[in-house]
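Quick note on numbering: the numbering used here labels position 23 of the sequence shown as 23, and the sequence is numbered without any gaps. See below for the structure under consideration.
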Amino acid sequence: MPGVDTALSDEDYIIAKAKNAQRYNIHSAKAWMLTAKTLFPTNFKIQFEAYLMEKQSGNVQEAAECFSSLMISRQNLPALLPEISAIANALRSAEGSFLSQMFDNICPDIQLTILKTSVENSDDTMEHCRLLVLLLKKFPQLGVDSLVKTLINAEKFFYDNRYARLLVVETLPLLSSLESPRLLQRLVIKAIDFYNSYVYDENEHDITDPWQRLYGVLDLMGRQLGWDPFFYNYSNSLNKETYFQKLLTLRNNDDCRQLLYCGTTFFLRSLYEQKSLKGNHILVEALSDPEITPSKRRKGELEVTGISAHQFQAAANCWELLHSNDHISREFTKLANQIQVKPWSEGFADEFALYRGKYDEAMPEDTATSLTACIVKASIYYFQNYYGGCIENILRALPQLPNVEGVLEPELIVGGKHRHLHFLPVTKVAIMHYFCTLLIRILSNSENKTDVIHGHMLVLMQLGWPQEEAMFIHIMDIIRQKGVFHYHLFSTYIIHIDILEELSYIWNEQGNNIVLDIIPNSQQHLGQRRIGTRGADKGVKEDFKQAMKAQVARSNESILNLMIQFITSERKFFTQIHSVGLGKHNM
């Protein structure tokens with residue numbers, strides 16, 4: 001057996017024997033440590049080694065008792081600081097650990113001493129604040145005011161988002177009240193700024209329902225200032241129309257803080273939801289038709305349809321409310337200047353201008369020729385009766401159509417006589433559907449409706465069929481009344497089965513005397529003979545029958561591509577159309 005180093009003190013000798021025994025017999029090691037603690041009850045080194053032995057053996061209760069003794073003795077505190085720091089880190093972790101279990105087995109008074117010691121010995125401001133949060137989570141009765149002041153007055157607070165996150169996400173939920181209303185307002189502004197920035201940060205996803213958390217901050221302020229609980233109840237804000245109507249009742253209050261903070265939060269949330277839903281959509285002027293039954297959901301003289309319409313209207317109405325008088329507008333501007341991410345500065349401002357009919361503000365720059373710019377210009381020019389500008393931008397947009405095909409837009413035309421806006425998807429079908437709808441209206445406004453114009457309208461209404469069915473029936477009635485219809489582009493562009501069936505019905509209808517000049521000369525027998533029921537011989541009937549069969553055989557072709565080809569091929573016709581009485585620049 002190796003000899004014992006005679007240079008060791010009695011304490012070190014017993015510790016050495018205990019450590020040596022721990023390798024092969026834990027009970028023998030504990031016996032040595034018990035002897036040491038009995039002989040030297042106040043020796044820090046022995047007490048600390050006893051703690052380490054229990055910790056290494058995984059004995060939670062025994063380790064808690066040993067560490068409690070060390071904290072009570074307060075001996076050699078610097079040597080304990082690494083262990084205290086390790087305990088604090090374990091408590092901040094979401095995962096359970098030996099140290100966190102040990103901490104739970106320590107009495108509250110000593111727990112408080114451990115956490116206070118960790119706070120007092122932290123040099124870094126950020127670490128100091130994190131430890132304060134930990135302390136206050138465990139002992140909320142201590143009061144959070146000092147931590148709030150430390151955080152909000154930290155030098156790095158306004159450019160280091162970690163401080164804002166620690167304040168807003170971890171500290172504010174610990175507050176039950178705050179003595180200073182001014183400080184409370186600073187906190188609310190910072191919370192609005194933080195959560196508004198957070199929802200637009202693509203790299204941050206760990207906070208669940210940030211808007212509900214923000215309403216929790218409004219709850220704190222509202223309770224302290226005696227606000228109506230309706231405004232800071234998160235579930236109430238889900239019903240946007242009811243919530244907005246309630247906000248309107250605050251418009252004339254002398255104290256505008258409730259309207260300012262609740263209204264701004266509601267505006268930012270509605271705008272965020274609108275942007276999230278909107279995706280790749282453009283707000284355009286759409287159409288209404290008095291012959292269609294109006295929607296029951298419409299209120300007022302303006303209807304907005306399409307994805308995100310409800311959220312957009314909530315944001316737009318709230319924006320208007322926050323600028324409804326000089327006082328609230330001035331206070332909102334001050335608040336907005338403290339918000340880092342300003343989602344209203346991109347897209348919403350132009351959409352809001354269009355929403356309010358301020359076409360000059362909504363109009364893209366003259367030099368803008370992107371697809372989006374062309375669509376918006378075409379939309380505005382049409383509703384200013386400047387058909388030339390509308391057609392010009394439609395033609396500019398055609399080569400830029402997206403590859404995504406999409407589907408038809410059932411809400412391009414709504415019932416009624418009111419103004420109608422629509423969020424148009426930036427897809428090939430939706431854009432072409434919109435362009436065809438505008439061109440049909442431009443043609444229908446012609447002072448001199450020739451057969452060519454009626455024929456072009458028939459071509460264009462194929463894409464959105466049966467949306468324009470009423471107009472189609474009107475054209476059929478005109479053909480019957482005139483008794484003749486000349487349109488040599490029929491076989492090239494009209495392939496929709498419903499239109500073909502109606503023309504066949506006219507052809508076969510008993511008692512009518514109608515001439516349909518719709519087959520190219522190369523397909524007609526007997527030179528320039530026109531097809532009609534009057535005196536029709538078998539050859540003419542066969543021509544018409546074969547022509548219709550040929551058109552029906554093409555009914556599965558892409559009407560979308562046919563529309564693009566048609567408008568492109570008839571570019572000259574459309575560019576000249578506004579100079580012959582179809583529309584004037586009434587700007």
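Even for Gly, the Cβ is constructed at its ideal location relative to N, Cα and C.
For residue 496, the secondary structure class from DSSP, reduced to helix, strand or coil, is coil. Shown here, residue 257 sits in a helix according to DSSP, grouped into three states. Non-local C-beta neighbours of residue 454 in its own chain, meaning closer than 6 Å and more than five positions away in sequence, comprise 475, ordered along the chain.
Less than 7 Å divides the Cβ of residue 419 from the Cβ of residue 302. Distance between residue 264 and residue 163, taken at the CA atoms: about 23 Å. Contact check for residue 261 against residue 199 fails: the beta carbons are separated by 7 Å or more. With a cut-off of 8 Å on Cβ pairs, the region 348-358 is in contact with the region 307-323, counting three or more such pairs. Here residue 139 carries a coil assignment [DSSP, helix/strand/coil]. Straight across, the Cα-Cα distance linking residue 61 with residue 220 is about 40 Å.
Note on the region 347-379: whole alpha helix (DSSP H) runs with a minimum of 4 residues are 348-355 and 359-362, in chain order. Under the Cβ criterion (8 Å, minimum of three pairs), the region 238-249 does not count as touching the region 276-294.
Positions of the alpha helix (DSSP H) runs, each at least 4 residues long and wholly inside the region 86-150, are given as 98-104, 108-120 and 125-138 in order along the chain. Judged by their CB atoms, residue 547 and residue 519 are nearer to each other than the 7 Å cut-off.
In this structure, DSSP gives residue 222 a helical state, which the three-state scheme calls helix. Secondary structure at residue 459: helix, using DSSP grouped into helix, strand and coil. In this structure, the alpha-carbon of residue 308 lies about 20 Å from that of residue 404. Secondary structure note for residue 305: its beta strand (DSSP E) is the uninterrupted segment 302-305.
Going by beta carbons, residue 196 and residue 304 fall outside the 7 Å limit. Membership of residue 418 in any alpha helix (DSSP H) is not indicated, and neither H nor E is assigned to it by DSSP. Straight-line measurement puts the Cα of residue 373 at about 23 Å from the Cα of residue 443. C-alpha of residue 183 to C-alpha of residue 126: approximately 20 Å in a straight line. Each residue's CA atom was taken as its position, placing residue 281 and residue 363 some 17 Å apart. A residue is called buried when at least 16 other Cβ atoms come within 10 angstroms of its Cβ; residue 191 meets this threshold and is buried. Leaving aside the five residues that flank residue 417 on each side, the residues in its chain whose CB is nearer than 8 Å to its CB run, in chain order, 288 and 290. In the structure shown, residue 282 falls within a strand segment according to DSSP collapsed to helix, strand and coil. By the criterion of at least three beta-carbon pairs nearer than 8 Å, the region 470-488 is not in contact with the region 421-435.
Proximity to residue 388 across 572, 75, 68 and 90 peaks at 572, based on C-alpha coordinates. For residue 433, the enclosing alpha helix (DSSP H) covers residues 428-444. Membership of residue 399 in any beta strand (DSSP E) is not indicated, and neither H nor E is assigned to it by DSSP.
According to DSSP, residue pairing for residue 413 in a beta bridge involves 287.
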